[in-house]
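First comes the structure, then the notes that go with it.
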Amino acid sequence: MGEARYEAPGFDDSAAHAAAARFCSLAFGGTLEGAVEWLRDQARHENLRVLREADGSVAASLIVIPMGQYYGGKSVEMEGIAGVAVPPEGRGKGAGLRLMRAGAGRGRAWGAGVVSVCFDAGVVPAGGV
Numbered sequence: 001m002g003e004a005r006y007e008a009p010g011f012d013d014s015a016a017h018a019a020a021a022r023f024c025s026l027a028f029g030g031t032l033e034g035a036v037e038w039l040r041d042q043a044r045h046e047n048l049r050v051l052r053e054a055d056g057s058v059a060a061s062l063i064v065i066p067m068g069q070y071y072g073g074k075s076v077e078m079e080g081i082a083g084v085a086v087p088p089e090g091r092g093k094g095a096g097l098r099l100m101r102a103g104a105g106r107g108r109a110w111g112a113g114v115v116s117v118c119f120d121a122g123v124v125p126a127g128g129v
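Okay, so the sequence shown: first residue is 1 according to this note's numbering, each after it adds one.
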């Protein structure tokens, strides 16, 4: 069994974009059409990241937002993480945790001094806190 990989799907990867839209509509209670529109117009497809299983299926998705914040009067590059979504059939298996670990690690790798995440503190991931 191969390892899952964190990746930025290409613009032509319609299966990954469709999966992310489905995951977001289910995770956040919107319509599929609304999720497609949000990913296209607000989150922007180039910011989409997915966790792809060894078999090629998409297990989870998130949006990365390159940004910056001032700390002590100095601008520090940071990466925002938003729209983390795992479909109901994949929940409780650690996909969200694996996706977040990979996403935060990538932010550090490209030099982000800070990775900012907004989340519901009442939700505990499969791997614990």
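Don't be surprised by glycine CBs; every beta carbon is placed ideally from N, CA and C.
As the structure is a computational prediction, the values presented were derived from the model and not from experiment.
Original post:
Lys93 bridges to which residues according to DSSP?
Top reply: The sequence position of residue 93 within the sequence shown is 93, counting from 1. Note: Lys93 sits in no beta bridge, so no partner.
Subject >> Nearest-angstrom Cβ-Cβ length linking Val50 and Glu7, presumed shorter than 8 Å >> reply: Sequence index remark: in the sequence shown, residue 50 carries index 50 (1-based). Sequence index remark: in the sequence shown, residue 7 carries index 7 (1-based). Between Glu7 and Val50 the Cβ distance is about 6 Å, and since that is below 8 Å, they are a contact.
**OP:** Would you mind stating whether Leu99 and Ser61 have Cβ atoms separated by less than 9 Å?
**Re:** Residue mapping note: residue 99 aligns to position 99 of the sequence shown, counting from 1. Residue mapping note: residue 61 aligns to position 61 of the sequence shown, counting from 1. A contact, by the Cβ cut-off of 9 Å.
Original post:
Measuring CA to CA, which of Ala27, Ala104, Gly56, Gly30 is closest to Ile65?
Top reply: Looking up residue 65 in the sequence shown gives position 65. For Ile65, the closest C-alpha among the options Ala27, Ala104, Gly56, Gly30 is that of Ala104.
Subject >> Neighbourhood of Ala102 by C-beta distance below 6 Å, restricted to the same chain and skipping five residues each side >> reply: Taking the sequence shown and counting its residues from 1, the one referred to as residue 102 is at position 102. Only residues of its own chain outside the window of five on either side were considered, and among them Tyr6 have a CB closer than 6 Å to the CB of Ala102, listed in chain order.
Original post:
Whole beta strand (DSSP E) runs in the region 6 to 57 with 3 or more residues, listed along the chain?
Top reply: Runs found: 48 to 52.
**OP:** Keeping to the same chain, check which residues put their C-beta closer than 7 Å to that of Glu46; ignore five residues upstream and five downstream.
**Re:** The count along the sequence shown starts at 1 and reaches residue 46 at position 46. Contacts found: none.
Original post:
Under a three-way DSSP split, which group does Pro88 fall into?
Top reply: Taking the first residue of the sequence shown as 1, we reach residue 88 at position 88. Correct three-state label for Pro88: helix.
**OP:** Have a look at Lys93 and Gln42 and give me their C-alpha separation to the nearest angstrom.
**Re:** Here residue 93 is taken as the residue at index 93 of the sequence shown, counted from 1. Here residue 42 is taken as the residue at index 42 of the sequence shown, counted from 1. If you draw a straight line from the Cα of Lys93 to the Cα of Gln42, it is about 29 Å long.
Subject >> With 16 other Cβ atoms within 10 Å as the buried cut-off, status of Leu48 >> reply: For this step, residue 48 is matched to residue 48 along the sequence shown. Classification for Leu48: buried.
**OP:** Return yes when the Cβ of Ala20 is within less than 9 Å of the Cβ of Ala35, no when it is not.
**Re:** Translated into positions along the sequence shown, residue 35 becomes position 35. Translated into positions along the sequence shown, residue 20 becomes position 20. At a Cβ-Cβ threshold of 9 Å, Ala35 and Ala20 count as neighbours.
Subject >> Pairwise C-alpha distance: Ala18 and Arg80 >> reply: The residue labelled residue 80 in the question sits at position 80 within the sequence shown. The residue labelled residue 18 in the question sits at position 18 within the sequence shown. Checking the displayed sequence, the identity of residue 80 turns out to be Gly instead of Arg. Here the alpha carbon of Gly80 sits roughly 22 Å from the alpha carbon of Ala18.
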